[in-house]
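Residue numbers (this note's numbering): 3 to 192.
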Amino acid sequence: MPAILMRLGRMLDRINAAVGAAVMWLAVGMVVIQFGIVVLRYVFGMSFIFVTELELYLHAALFMLGAGYTLLHDGHVRVDIFYGSQTPRRKAAIDLLGTLVFLVPSCVAILVYTWPFVRKSWEIGEGAISVGGIPASYLLKSFITAFAVLLLVQGLGLALRNLAVLLGAPPPKETRGIADRASEALRENG
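As structure tokens, then:
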């Protein structure tokens with residue numbers, strides 16, 4: 003049973019791994035666009051709302067779509083006062099509890115309360131935020147739904163892997179986060 007749970011968790015992990023691999027390129031696009039905005043404004047005295055909004059859209063996509071990938075790699079902020087010194091089994095219990103008590107209800111609440119606004123935005127084809135901007139605010143609002151869905155998928159993957167550890171499977175090393183690696187380095191270096 004633990005092996006099946008671990009395998010299912012890893013299958014779900016692949017979704018956010020693929021999304022993260024694609025979305026990380028948006029950071030490069032943001033840098034290039036911001037450089038272009040600065041050059042246009044300060045060298046040529048020109049400004050285009052469309053280009054400024056494009057950077058906003060890329061920024062929103064990067065952070066909203068990359069949240070599940072960040073969770074996959076344990077990159078979210080964590081208070082490590084108690085967690086870092088725990089055994090892998092206790093960490094799995096803490097992560098499972100946190101996923102079920104905090105992550106899942108938060109994502110469900112986001113979906114329930116924002117879906118009507120996102121749906122309505124698509125129905126009316128909501129236009130630009132500013133005159134001359136990108137005529138697709140519905141896309142920007144859709145990132146909220148995608149954010150919650152991707153976090154739920156990753157939360158389910160995390161829950162399955164943690165449940166597998168609690169049932170006796172060895173903790174997966176490839177998903178150990180920054181906090182775990184830092185704690186391990188401190189123990190090794192005294």
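In this text, a Cβ means the ideal position worked out from N, Cα and C, and glycines have one as well.
> With a Cβ-Cβ cutoff of 8 Å, do Ser132 and Ile51 count as a contact?
Replying inline: yes
> Cα-Cα, which of Trp124, Gly135, Ala23 is closest to Leu141?
Replying inline: Trp124
> Roughly how many angstroms separate the alpha carbons of Met13 and Gly159, rounded to a whole number?
Replying inline: 8 Å
> According to the Cβ coordinates, are Leu56 and Ile136 closer than 8 Å?
Replying inline: Yes, the Cβ-Cβ distance between Leu56 and Ile136 is below 8 Å.
> Would DSSP call Gln88 helix, strand or coil?
Replying inline: coil
> Rounded to the nearest angstrom, how far is the Cβ of Ser139 from that of Glu128, given a contact under 8 Å?
Replying inline: 4 Å
> Once you ignore the five residues that flank Thr101 on each side, which residues in its own chain have a CB closer than 6 Å to its CB?
Replying inline: Gly157, Leu160, Ala161
> Can you name, in chain order, every residue of its own chain whose Cβ lies under 8 Å from the Cβ of Gly1, other than the five neighbours on each side?
Replying inline: No answer is possible for residue 1: the residues shown for the chain start at 3 and end at 192.
> Which whole-angstrom value is the C-beta distance of Met67 and Leu152, which I expect to be below 8 Å?
Replying inline: Reading off the sequence shown, one finds Leu at residue 67, where the question assumed Met. Confirmed, Cβ separation roughly 7 Å.
>> For the structure I just gave you, are there three or more beta carbon pairs, one from the segment 164 to 172 and one from the segment 86 to 99, closer than 8 Å?
In response: The segment 164 to 172 is in contact with the segment 86 to 99.
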